[in-house]
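See structure below.
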Amino acid sequence: MGFASVPTDLRQRRLPHDAPRTRDALKIRLGGAGLNLDRVQGLQELPSVAAALRPAVPTLVERITVRIQREVAAFAGGGGDDRREMIALAVQSAVDHYLDLLEGRPVSGHRVDELFRRMGRAEAMDGRGIDAVRAACQIASRDAWRELRSAACGDELSDDLLGPLGDTLFDYLQHLVDQVHHGYVTARQKRAPARVRHQLMQAMLTGRPAEDVRRLADLAEWELPTKCVALVADFPEQEKCPSEVPRHLLLDIFDGHVVAVVAATRVDEGRAALKRMPITSSIAVSWAVPVADVRHAYRWTRRALSLVRGGWIERTDVIDCADYRGALWLHADPALRRELCDELLAPLLAKTRHQRATLAQTLLLWLRGHEPAAVIAEQMDVHEQTVRRRLRHLKSAFAPVLDEPEQKTALLMVLESVAPAWLKEAPTANKRGDVAARGGVS
3 MGFASVPTDL
13 RQRRLPHDAP
23 RTRDALKIRL
33 GGAGLNLDRV
43 QGLQELPSVA
53 AALRPAVPTL
63 VERITVRIQR
73 EVAAFAGGGG
83 DDRREMIALA
93 VQSAVDHYLD
103 LLEGRPVSGH
113 RVDELFRRMG
123 RAEAMDGRGI
133 DAVRAACQIA
143 SRDAWRELRS
153 AACGDELSDD
163 LLGPLGDTLF
173 DYLQHLVDQV
183 HHGYVTARQK
193 RAPARVRHQL
203 MQAMLTGRPA
213 EDVRRLADLA
223 EWELPTKCVA
233 LVADFPEQEK
243 CPSEVPRHLL
253 LDIFDGHVVA
263 VVAATRVDEG
273 RAALKRMPIT
283 SSIAVSWAVP
293 VADVRHAYRW
303 TRRALSLVRG
313 GWIERTDVID
323 CADYRGALWL
333 HADPALRREL
343 CDELLAPLLA
353 KTRHQRATLA
363 QTLLLWLRGH
373 EPAAVIAEQM
383 DVHEQTVRRR
393 LRHLKSAFAP
403 VLDEPEQKTA
413 LLMVLESVAP
423 AWLKEAPTAN
433 KRGDVAARGG
443 VS
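Read in the numbering used here, the sequence shown has 60 at position 58, and its numbers run on one by one without any break.
Encoded structure:
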């Protein structure tokens, strides 16, 4: 409830109960906001109503405090006696001040106003909204009204006067809510935008509840898109994140990576932003995901960069993770990848490094689009007849797998996960040994 930020000295302050009573005018100013008691002006029973309420205040404060902790989730548990004390302080201060006003005491509302403003500021600094405070005030208003009505009825106050008296109570409570809102807005305006955006990014990357993400997005004034894209690149430790970035782009540094989260419709802007930074790797770009799945997109992009470093994915300026879903999946479970590789790629495992790499590349390109030999030859920069010869060999060796759609899909995924590394290893192979061992296929 933001009470933890209330200074200790405020807890010790007590509004004066021994100030001289006055009934001059019942237009009372509270910290610049008016509480208008004109409708009950001249009502001589007010002091006796307030006096009748005084003995019940400790019980009322206790009851309201317990109900707030029981019924408002944000204030339940976790804070122990300190949190309970802070809630009780706010309730006690408000009740005492309201009764002082009914009795016509010349008291200032600045201390109570400041207490509730501090609550609002604390909520903002903790990255929360003030809905929980509003709910707590609703509970307080219901219980306080019941107590006030009981005391007024004991004084045989007529319904015509009881109604306006109730209005003064609700006006006063609304004034306190306004103070909370004032403190909240002030703190939010002063709060460093970078800190809020960092908390928002952290909330999404760690899978915080959707309610927390929405609240932080509101504080950061970042419109939550339907679908997001995560972009990640390695980033030097000594470098800092730019202080000014477009409002629609979330950009921050986490664990040696620069991370950008942007609406799927603005992915080009995200790529451009990272390219302007001193990154030291490719930019891995996830496919579009809901906000709740940004943490998974972050994991996929980091794994893609790891696979680039390991040679499993070819290094390019931008890595589109959507093109490597199979590799990302299989490398998430190395044991599964090895098993599928041994089973599905058995016809290639007996080949030399050079043969294995060129045959795997040929088969991968053919499986991706079933392009004619001439197109594949152009992509591989080899003679068309070479591709035809390889394809005849491959279709014969992999016939059982190619006839089964599920097996064929699995074969494509396994090839995508290993072919780049095989191609990287191929230049180190003994080319003379490769030629001698080709057996007519290269």
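We put the beta carbon where it would ideally sit given N, CA and C, even for glycine.
Checklist entry - Would you say the region 88 to 102 touches the region 54 to 61, given that touching needs at least three Cβ pairs under 8 angstroms? => result Three or more beta-carbon pairs separated by less than 8 angstroms link the region 88 to 102 to the region 54 to 61, which places the two stretches in contact.
Checklist entry - What are the start and end residues of each continuous beta strand (DSSP E) run of 3 or more residues lying completely inside the region 208 to 259, in chain order? => result Segments of the beta strand (DSSP E) lying fully in the region 208 to 259: 230 to 236 and 252 to 256.
Checklist entry - Does the ligand NAD have a heavy atom nearer than 8 angstroms to the CB of Gln181? => result Here there are no bound small molecules, and the ligand NAD is not part of this structure.
Next on the checklist: What would DSSP say about Ala262, mapped onto helix, strand or coil?
Outcome noted: Here residue 262 refers to the residue found at position 260 when the sequence shown is read from its first residue. The three-state secondary structure of Ala262, taken from DSSP, is strand.
Checklist entry - Leu346 and Val416 look like a contact to me (Cβ under 8 angstroms); what is the Cβ gap, rounded to whole Å? => result Within the sequence shown, the letter at position 344 stands for residue 346. Within the sequence shown, the letter at position 414 stands for residue 416. About 5 angstroms; that satisfies the 8 angstroms criterion.
Checklist entry - Taking C-alpha atoms, which residue in Gly185, His184 and Ile89 lies nearest to Cys139? => result In the sequence shown, residue 139 corresponds to position 137, counting from 1. Taking only the C-alpha atoms, the option nearest Cys139 is Ile89.
Item to check | Straight-line gap, Phe172 to Ser143 (C-alpha atoms, nearest Å) | outcome: Residue mapping note: residue 172 aligns to position 170 of the sequence shown, counting from 1. Residue mapping note: residue 143 aligns to position 141 of the sequence shown, counting from 1. Phe172 and Ser143: Cα-Cα distance of roughly 7 angstroms.
Next on the checklist: Since Ala137 and Ala189 should fall inside the 8 angstroms C-beta cutoff, what is the C-beta to C-beta distance between them, to a whole number of angstroms?
Outcome noted: Locating residue 137 in the sequence shown gives position 135, counting from the first residue. Locating residue 189 in the sequence shown gives position 187, counting from the first residue. About 20 angstroms; that fails the 8 angstroms criterion.
Checklist entry - For Leu425, which three-state DSSP category applies? => result The sequence position of residue 425 within the sequence shown is 423, counting from 1. Helix, per DSSP.
Item to check | Sequence-distant residues of the same chain with beta carbon closer than 6 angstroms to Gly33, five excluded per side | outcome: For this step, residue 33 is matched to residue 31 along the sequence shown. Caution applies to Gly33, whose pLDDT of 34 falls short of 50 and renders its modelled position unreliable; the value that the coordinates give is listed next. Answer for Gly33: Gly111, His112 and Asp115, listed in chain order.
Item to check | Where Asp322 falls: helix, strand or coil (DSSP) | outcome: For the purposes of this step, residue 322 is taken as residue 320 along the sequence shown, with counting starting at 1. Assignment of Asp322 by DSSP, reduced to helix, strand and coil, places it in the strand class.
Item to check | Pick from Pro248, Glu408, His372 and Ser288 that is closest to Ala266, judged by C-alpha positions | outcome: By one-based count along the sequence shown, residue 266 stands at place 264. Of Pro248, Glu408, His372 and Ser288, the residue nearest in Cα terms is Ser288.
Checklist entry - Just curious, the beta strand (DSSP E) that Ile66 is in, first and last residue? => result For the purposes of this step, residue 66 is taken as residue 64 along the sequence shown, with counting starting at 1. Ile66: not part of any beta strand (DSSP E); member of the alpha helix (DSSP H) spanning Val59 to Glu73, first to last residue.
Checklist entry - When you compare each of Glu341, Asp335, Leu361 and His250 to Glu271 by their alpha carbons, which one comes out closest? => result In the sequence shown, counting from the first residue as 1, residue 271 sits at position 269. Closest option to Glu271, Cα to Cα, is His250.
Checklist entry - Quick one: what does DSSP say Val109 is sitting in, helix, strand or coil? => result As a position in the sequence shown, residue 109 is number 107, starting the count at 1. The three-state secondary structure of Val109, taken from DSSP, is coil.
Item to check | Exposure of Leu338, with buried meaning 16 or more beta-carbon neighbours within 10 Å | outcome: As a first step, residue 338 is located in the sequence shown; it is residue number 336 there, counting from the start. Counting Cβ neighbours within 10 Å, Leu338 comes out exposed, since fewer than 16 surround it.
Checklist entry - By Cβ distance, which residues of its chain are closer than 6 angstroms to Val74, with the 5 residues on each side in sequence left out? => result Reading the sequence shown from its first residue, position 72 is the one you call residue 74. The answer, listed in chain order, is Ala134, Ala137 and Ala138.
Item to check | Nearest-angstrom beta carbon gap, Ile66 and Asp180 [assumed within contact, 8 angstroms] | outcome: The count along the sequence shown starts at 1 and reaches residue 180 at position 178. The count along the sequence shown starts at 1 and reaches residue 66 at position 64. In fact, because the Cβ distance is near 19 angstroms, the residues do not count as touching under 8 angstroms.
Item to check | For Val287, the first and last residue of its enclosing alpha helix (DSSP H) | outcome: As a first step, residue 287 is located in the sequence shown; it is residue number 285 there, counting from the start. No alpha helix (DSSP H) holds Val287; the beta strand (DSSP E) holding it covers Ile285 to Val287.
Checklist entry - Whose C-beta lies closer than 7 angstroms to the C-beta of Gln363 among residues of the same chain, with five residues either side of it excluded? => result Reading the sequence shown from its first residue, position 361 is the one you call residue 363. Correct list, in chain order: Met382, Ala421 and Leu425.
Item to check | Where Val384 falls: helix, strand or coil (DSSP) | outcome: Position 382 of the sequence shown holds residue 384. In the structure shown, Val384 sits in coil (DSSP, three-state: anything other than H, G, I, E or B).
Next on the checklist: On the criterion of 16 or more Cβ atoms from any shown chain inside 10 Å, does Asp102 qualify as buried, or is it exposed?
Outcome noted: Walking along the sequence shown from the start, residue 102 turns up at place 100. Counting C-beta atoms within 10 angstroms of its own C-beta, Asp102 has 16 or more neighbours from the protein chains shown and is therefore classed as buried.
Checklist entry - Do Cys243 and Leu233 come within 9 angstroms of each other at the CB atom, strictly closer than that value? => result Walking along the sequence shown from the start, residue 233 turns up at place 231. Walking along the sequence shown from the start, residue 243 turns up at place 241. Cβ atoms of Leu233 and Cys243: not closer than 9 angstroms.
Checklist entry - Between Leu393 and Ser284, what straight-line distance do the alpha-carbon atoms span, to the nearest angstrom? => result Position 391 of the sequence shown, counted from the first residue, corresponds to residue 393. Position 282 of the sequence shown, counted from the first residue, corresponds to residue 284. If you take the alpha carbons of Leu393 and Ser284, they lie about 33 angstroms apart.
Checklist entry - With burial defined as no fewer than 16 other Cβ atoms inside 10 Å of the residue's Cβ, what is the status of Glu406: buried or exposed? => result The residue you call residue 406 lines up with position 404 of the sequence shown. In summary, Glu406 is exposed, with fewer than 16 beta-carbon neighbours lying within 10 Å of its beta-carbon over all protein chains present.
Item to check | Phe237 to Val231 span [Cα, whole Å] | outcome: Locating residue 237 in the sequence shown gives position 235, counting from the first residue. Locating residue 231 in the sequence shown gives position 229, counting from the first residue. Phe237 and Val231 have their alpha carbons spaced roughly 19 angstroms apart.
Checklist entry - Looking at Val296 and Leu218, is the spacing between their C-beta atoms short of 9 angstroms? => result Taking the first residue of the sequence shown as 1, we reach residue 218 at position 216. Taking the first residue of the sequence shown as 1, we reach residue 296 at position 294. In this structure, Leu218 lies away from Val296, with their beta-carbon atoms at least 9 angstroms apart.
Item to check | Pair within 9 angstroms by beta-carbon distance, Glu105 and Leu48 | outcome: Translated into positions along the sequence shown, residue 105 becomes position 103. Translated into positions along the sequence shown, residue 48 becomes position 46. The criterion of a C-beta distance shorter than 9 angstroms is satisfied by Glu105 and Leu48.
Next on the checklist: Looking only at its chain, what residues have a beta carbon closer than 6 angstroms to the beta carbon of Ala76, apart from the 5 residues adjacent to it on each side?
Outcome noted: By one-based count along the sequence shown, residue 76 stands at place 74. Excluding sequence neighbours, Ala76 sits near Ala134.
Checklist entry - According to the neighbour-count rule (16 or more other Cβ atoms, all chains shown, within 10 Å of its Cβ), is Gly258 buried or exposed? => result Within the sequence shown, the letter at position 256 stands for residue 258. Exposed: under 16 other Cβ atoms inside 10 Å.
Item to check | Proximity to Lys397 [Cα-Cα], best of Thr318, Arg340, Val261 and Trp368 | outcome: In the sequence shown, counting from the first residue as 1, residue 397 sits at position 395. Minimum Cα-Cα distance from Lys397 among the listed residues Thr318, Arg340, Val261 and Trp368 corresponds to Trp368.
Checklist entry - What first and last residue would you give for the alpha helix (DSSP H) that runs through Arg297? => result Within the sequence shown, the letter at position 295 stands for residue 297. That run of the alpha helix (DSSP H) goes Val296 to Arg311.
Next on the checklist: Taking the alpha helix (DSSP H) that Leu404 belongs to, which residues open and close that run?
Outcome noted: The sequence position of residue 404 within the sequence shown is 402, counting from 1. Per DSSP, Leu404 is one residue of the alpha helix (DSSP H) stretching across Ala401 to Leu404.
Checklist entry - Are the Cβ atoms of Val198 and Leu226 separated by less than 9 angstroms? => result As a first step, residue 198 is located in the sequence shown; it is residue number 196 there, counting from the start. As a first step, residue 226 is located in the sequence shown; it is residue number 224 there, counting from the start. Their beta carbons are not under 9 angstroms apart, which means Val198 does not touch Leu226 by this criterion.
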